[in-house]
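> Under my numbering, the final residue of the sequence shown carries the number 215; numbering is consecutive throughout. Note that the Cβ used here is the ideal one computed from N, Cα and C, for glycine as well. Dropping a structure here in structure tokens format, bear with me for questions.
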Amino acid sequence: MFSPSEFQGQSSQLHKSGTVEVSTVFYRNKRPTWLVLLKLLGVAAMVAVWFAIAMPSLVQWNFPLWQAIAIATGVMVVYTGIAFVFRPEPNTDNMGWGGGMMNDPFQSSDNVNRILWRLSCCLGPGRFTAETLLDLLVLLGAIKSGDDAGRAPSVSQGAASNPSPPGTFDPTQPIAPLDPNRFAQSSANFVAGQIQLDTQRFLKPSAGEGQPAKV
């Protein structure tokens with residue numbers, strides 16, 4: 001499976017191999033009811049096929065019926081949990097020659113990717129079952145959906161819980177509209193207006209000016 005030429009040619013191409021991701025996210029976005037029901041039908045079909053395969057073998061090994069059902073159920077639960085947590089992610093761009101039909105004798109990463117792809121195919125039904133059960137729990141409201149978990153608090157709630165001290169800029173508060181007469185209060189207009197008022201005050205005759213003096 002792995003030849004010396006593959007290891008020698010792979011020394012500078014280790015980044016071309018896939019990985020095995022570990023899932024720690026146990027919530028899902030809410031799916032439509034019809035989609036969840038359709039997926040439940042698929043899960044029921046897969047469970048029926050599993051019991052149809054496992055039960056005759058277990059009964060043939062002289063297990064009582066209840067023990068055979070318990071063993072088949074336990075194996076299915078363990079398999080579903082492993083499939084949900086461990087997720088092989090092959091690099092499908094490097095599967096070998098002809099898209100995986102032939103082995104590339106000059107690198108070993110294509111062998112790793114083919115193994116990861118086969119593991120992904122084997123764990124696919126269990127992952128589908130686990131995600132369908134999570135979708136059902138979200139639909140029933142038993143667990144929080146991913147939409148609720150990732151939703152940010154509203155602006156009004158954030159402003160009410162964390163009021164900003166006066167005189168500071170609060171980015172959560174709306175910006176007040178600009179005053180349409182803001183240019184009338186500019187420094188140049190203010191100075192020109194003051195000069196005009198002083199000039200009028202200087203040229204305007206006083207209350208007793210221009211009137212004959214009283215004897």
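Please work out which residues of its chain come closer than 8 angstroms, Cβ to Cβ, to L136, disregarding the five sequence neighbours upstream and downstream, and give them in chain order.
Taken in chain order, the residues that qualify are V36, L40.
> Candidates V25, N91, K16, G96: which alpha carbon is nearest I143's?
Nearest of V25, N91, K16, G96 to I143, Cα basis: V25.
> In its own chain, which residues sit with a C-beta less than 6 angstroms from the C-beta of L116, not counting the 5 before and 5 after it?
Result list for L116: G18, P88, P90, in chain order.
> Roughly how many angstroms separate the alpha carbons of C27 and L134, rounded to a whole number?
What sits at residue 27 in the sequence shown is Tyr, not Cys. Rounded to whole angstroms, Y27 to L134 spans 7 angstroms at the Cα level.
> S145: which of P32, K16, E21 sits nearest, CA to CA?
For the residues P32, K16, E21, the minimum Cα distance to S145 belongs to P32.
> State the Cα-Cα distance for the pair E21 and F128, rounded to the nearest angstrom.
Cα-Cα distance, rounded: 16 angstroms.
> I need the DSSP call for M101, collapsed to helix, strand or coil.
Here M101 sits in coil by DSSP.
> Put R127 into one of helix, strand or coil per three-state DSSP.
Three-state result, R127: helix.
> State the start and end residues of the unbroken alpha helix (DSSP H) segment that holds F84.
Note, F84: alpha helix (DSSP H), 65-85.
> Quick check: the stretch 68-79 against the stretch 43-58, are there 3 or more CB pairs under 8 angstroms?
In short, these stretches touch, since the Cβ pair count reaches three.
> Less than 7 angstroms separating the beta-carbons of F86 and A130?
No, they are not a contact pair.
> Tell me which residues share the same chain as R114 and place their Cβ nearer than 8 angstroms to its Cβ, disregarding the 5 neighbours each side in the sequence.
So the list reads P90, M95, G96, G100, once near-sequence residues are dropped.
> With a Cβ-Cβ cutoff of 7 angstroms, do S108 and K16 count as a contact?
No.
> Roughly how many whole angstroms lie between the Cα atoms of A68 and Q60?
Going by the C-alpha atoms only, they are around 10 angstroms apart.
> Between which two residues does the alpha helix (DSSP H) carrying V47 extend?
It spans 33-60 - the alpha helix (DSSP H) in which V47 sits, taken as one unbroken run.
> Just to confirm, are T132 and V47 a CB contact at a threshold of 7 angstroms?
No, the pair does not count as a contact, with Cβ atoms beyond the cut-off.
> Would you say R87 touches the ligand ZN, meaning its beta carbon is less than 6 angstroms from a heavy atom?
As far as ligands go, the structure on display features none, and thus does not contain the ligand ZN.
> Please classify T217 as buried or exposed, where buried requires at least 16 other C-beta atoms within 10 Å of its C-beta.
The requested residue 217 is not part of the displayed model; the chain covers only 1 to 215.
> Tell me whether the beta-carbon of G124 lies closer than 7 angstroms to the beta-carbon of T80.
Going by C-beta atoms, G124 is not nearer than 7 angstroms to T80.
> So V20 is in the beta strand (DSSP E); what residue range does that whole segment cover?
Taken as a continuous stretch (DSSP letters only), the beta strand (DSSP E) holding V20 covers 19-22.
> How many Å lie between D104 and L119 at the Cα?
Looking at the two C-alpha atoms, the distance is approximately 20 angstroms.
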